[in-house]
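Below: one structure, written as structure tokens.
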Amino acid sequence: MNLLTKTSRYYILYTIPVILISAIFIYFFLLNEIGESNESILLTRVKVIENYIAKGDDTVLNVFEINNEVYVKEIEKNRIIPQTIKDTLMYSEIEKEYISNKIIVLNSIVNGKNYQVKVWKSTIEYDELMEVVFVVFTLLLVLLFLVNLYINSKVSKLIWEPFKDTLVYIKDFNVNTKVYKKLEPNEITEFNELNSSLNHMTSKIINDYKNQKKFGENASHEFQTPLAIIKGKIDLLLQENSLNEETMKLLVSIEEATSRLSRVNKSLLLLSKIENQQYEKTDTVALLPLIEKVRMVNEDFIGHKNLQFVCKVTEEFNFRINSELCFILINNLIQNAVRHNYKNGQITISTKEETLLISNTGALEPLDESTIYERFEKKSSNANSVGLGLAIVKEIAEANSLTVLYKYENYEHIFSLNQFKR
Amino acid sequence: MKILVVEDEIEMQKSIIRYLTLEKNIVEVANDFNSAYEKIQLYEYDCVLLDITLPNGNGLDLIKTIKNSRPKTGIIIISAKNSFDDKIDGLNLGADDYLPKPFHLPELNARIKALIRRNNFDGVDVIVINEITLYPGERKILINNNLVNLTSKEFDLLVYFIANKNRVIQKNALVEHLWGDNADQFDNFDFIYNHVKNLRKKLLAAHCSDYIQSIYGIGYTFKTEL
Chain A
0 MNLLTKTSRY YILYTIPVIL ISAIFIYFFL LNEIGESNES ILLTRVKVIE NYIAKGDDTV
60 LNVFEINNEV YVKEIEKNRI IPQTIKDTLM YSEIEKEYIS NKIIVLNSIV NGKNYQVKVW
120 KSTIEYDELM EVVFVVFTLL LVLLFLVNLY INSKVSKLIW EPFKDTLVYI KDFNVNTKVY
180 KKLEPNEITE FNELNSSLNH MTSKIINDYK NQKKFGENAS HEFQTPLAII KGKIDLLLQE
240 NSLNEETMKL LVSIEEATSR LSRVNKSLLL LSKIENQQYE KTDTVALLPL IEKVRMVNED
300 FIGHKNLQFV CKVTEEFNFR INSELCFILI NNLIQNAVRH NYKNGQITIS TKEETLLISN
360 TGALEPLDES TIYERFEKKS SNANSVGLGL AIVKEIAEAN SLTVLYKYEN YEHIFSLNQF
420 KR
Chain B
0 MKILVVEDEI EMQKSIIRYL TLEKNIVEVA NDFNSAYEKI QLYEYDCVLL DITLPNGNGL
60 DLIKTIKNSR PKTGIIIISA KNSFDDKIDG LNLGADDYLP KPFHLPELNA RIKALIRRNN
120 FDGVDVIVIN EITLYPGERK ILINNNLVNL TSKEFDLLVY FIANKNRVIQ KNALVEHLWG
180 DNADQFDNFD FIYNHVKNLR KKLLAAHCSD YIQSIYGIGY TFKTEL
């Protein structure tokens, strides 16, 4: 339920009792007013009749009598009838039913003669009045409802427009955004306040994010120098003639751990540099020579597993990408294909339209695509593997508008790279 | 050989000096931009090891100074930044090599030697040690004046060994020398073992002395003196 429906629902809900109370009030008010006005009409008629009797003119009297609205009778001189006004039901010849009438009864002395005068007048019936009030107020309610609907559909939409803009802004918000656009002020105070709070928040988030990224990069840099010192000292210690074999082995273990640390650090540094958009320069990179270069670098590993390496990439096939990153991208994917392969297995690199496919034989079950790109997610127990290879692949792909997809088909693990249409 | 180390990290300086002086090099140090600048003006070096981030200045600015006043001096940038842009800038400005930290001292040593060799013998790039004669430019090796066929990796290993002769070289330094950053993912020690084994076999077959000694679990030494 949206805010508009909710508010109108409450609006209608609270309107109903208000209308009901007003209807009851109006009913009794009208009843009273009509009664009073009828009484004064009857009194006036009595006066008119007295006047005509005094004049001896009975034409008006006849008209009243024809209408069956008056009854005049001479009575004894000393009989006094107190003036009473009451409601009564009388049979109407025209309507053929009993209808509600107001009647005044009194005695009146005109020219020394005493008359009993009864004057009556049909009056509005209670149920009729009720009906009128009911119809009017029902109509009012319906009208209110319709107006409400109209406000909802037209006016409110106009009023909520800036809010919707704000929503779109929030949905599209990305901390990595290169050009940061602030929300525009508008004429509604509440939304303005919302926007300025959001502006404050987003600029803080972006700043924090930038600082954090910068921190990651700086920290990685700062690690390199102490690591270099440790490495250097180990190299020096190994040259000492006084060392026994045990000590040397300990030193080599320390060195191996240091190297691993340095590799993790280099990978993290690479990741944060890509995230910090420090590889903005792109070229058109032909894939065929690059794949050949990567194959040469890894020929020992490919040869060791006796893998069949098939490259069916055409000379024209290229990506628009940073050339340094492209090498790392292809190298990581090919090393991945080697590492998770079995002896005498196969690596095939082919193209399909605009897509580069790197497929390899390996484990006979698909990998979990939701976790393979996660950092430090290791499939192999190899201590030399850092677990950042595919995370780097993903990051490079994203930075160069490439989609990287994984699928398992015909017992082969296939990674595909496709550049969005430029 | 005279080498200047421009590096602000004292422990790093000490390690480099110590390793390089094992080979009777004359090594001097400069802690910051200004003292480096001064030393370059005053003395002629065969090689300058240059850190880029220096107190009171950028190492890249020193490259031009060196190239203007001492064109024969070789320059190797040693930087913790491992930035591709810095590398390109440095090499464009006239630096001869770029070695990102952390590195192995034998690697640095091998690079210095290769650089000085190229600069000093007027293009005749040759290494002679007893019966072995290497032409790194042509990737050619003669043993007792007979041509020996080595694979590219075996050749690289031999050059590296000779540059660091009589030193203990650990396996990992060899791995990083042969594969650099791309070595990360594999258990490369087996490959090193195989390459060294094959190299040794080929050298022995050519009646070369058995210089390569393996130190089990640690690495190798190319022993030319007892």
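Residue numbers (numbering that gives the first Met the number 0), protein chains in the order written: chain A, 0 to 421; chain B, 0 to 225.
Where is the CB? At the ideal position from N, CA and C, for every residue including glycine.
According to the DSSP assignment, A/M295 belongs to the alpha helix (DSSP H) that extends over L286 to V296. According to the DSSP secondary-structure assignment, A/V71 is paired through a beta bridge with A/V116. For A/Q238 and B/N129, the gap between their C-alpha atoms comes out near 23 Å.
DSSP lists B/I2 and B/G73 as the beta-bridge partner residues of B/C46. Burial state of B/P101 is buried, judged by a 10 Å Cβ sphere holding 16 or more other Cβ atoms. With contacts defined by Cβ atoms closer than 9 Å, A/F316 and A/L269 do not form a contacting pair. Taking a C-beta cut-off of 7 Å against chain B, the contacting residues of the stretch 304-330 of chain A are E323 and N330, listed in chain order.
Secondary structure of A/R374 (DSSP, three-state): coil. A residue is called buried once 16 or more other Cβ atoms fall within 10 Å of its Cβ, and A/K265 is buried on that count.
Exclusion of the five residues before and after B/G93 leaves I62, K63, I65, K66 and I74 as the residues of its chain whose Cβ lies within less than 8 Å of its Cβ. For the 9 Å CB-CB criterion, B/L104 and B/I217 do not form a contact. For B/R166, the neighbours in chain A by C-beta distance under 7 Å run, in chain order, Q238. Residue environment: A/F375 is assigned as exposed (fewer than 16 neighbouring CB atoms within 10 Å of its CB, all protein chains considered). Residues of the stretch 199-227 of chain A that bring their beta carbon within less than 7 Å of a beta carbon in chain B comprise H220, Q223, T224, L226 and A227, in sequence order. Assignment of A/K101 by DSSP, reduced to helix, strand and coil, places it in the strand class. Within chain A, the residues placing a beta-carbon under 7 Å from that of B/P101 are Q223, L226, A227, K230 and S261, ordered along the chain. From the listed residues A/I65, A/D164 and A/N240, the smallest Cα separation to A/F190 is found for A/D164.
Taken through DSSP and simplified to helix, strand or coil, A/E189 comes out as helix.
Only residues of its own chain outside the window of five on either side were considered, and among them N37, I40, L41, E68, N100 and K101 have a CB closer than 7 Å to the CB of A/K120, listed in chain order. Taking 9 Å as the threshold, the shortest C-beta distance from B/S68 to chain A does not fall below it. The beta carbons of B/L156 and B/H194 sit about 6 Å from each other, so the pair counts as a contact at 8 Å. Per DSSP, A/F172 lies in no alpha helix (DSSP H) segment and is marked neither H nor E. When CB distances to chain A are screened at a threshold of 9 Å, the residues of the stretch 186-216 of chain B falling below it are D186, N187, D189, F190, N193, H194, I214, Y215 and G216, in chain order.
For A/M0, no CB of chain B lies under 9 Å from its own CB, so it is not counted at the interface with that chain. In this structure, B/F221 places its C-beta atom within 9 Å of the C-beta atom of B/N165. Within chain A, A227, I228, K230, G231, K232, D234 and L235 have C-beta atoms less than 9 Å from the C-beta of B/S14, given in sequence order.
The stretch 297-384 of chain A contains, as complete alpha helix (DSSP H) runs of 4+ residues, the segments 298-303 and 322-338 (chain order).
Taking 8 Å as the upper bound for CB-CB distance, B/D31 and B/D7 are in contact here, some 6 Å apart.
Within the model, the alpha-carbon separation for A/L235 versus B/R17 is close to 8 Å.
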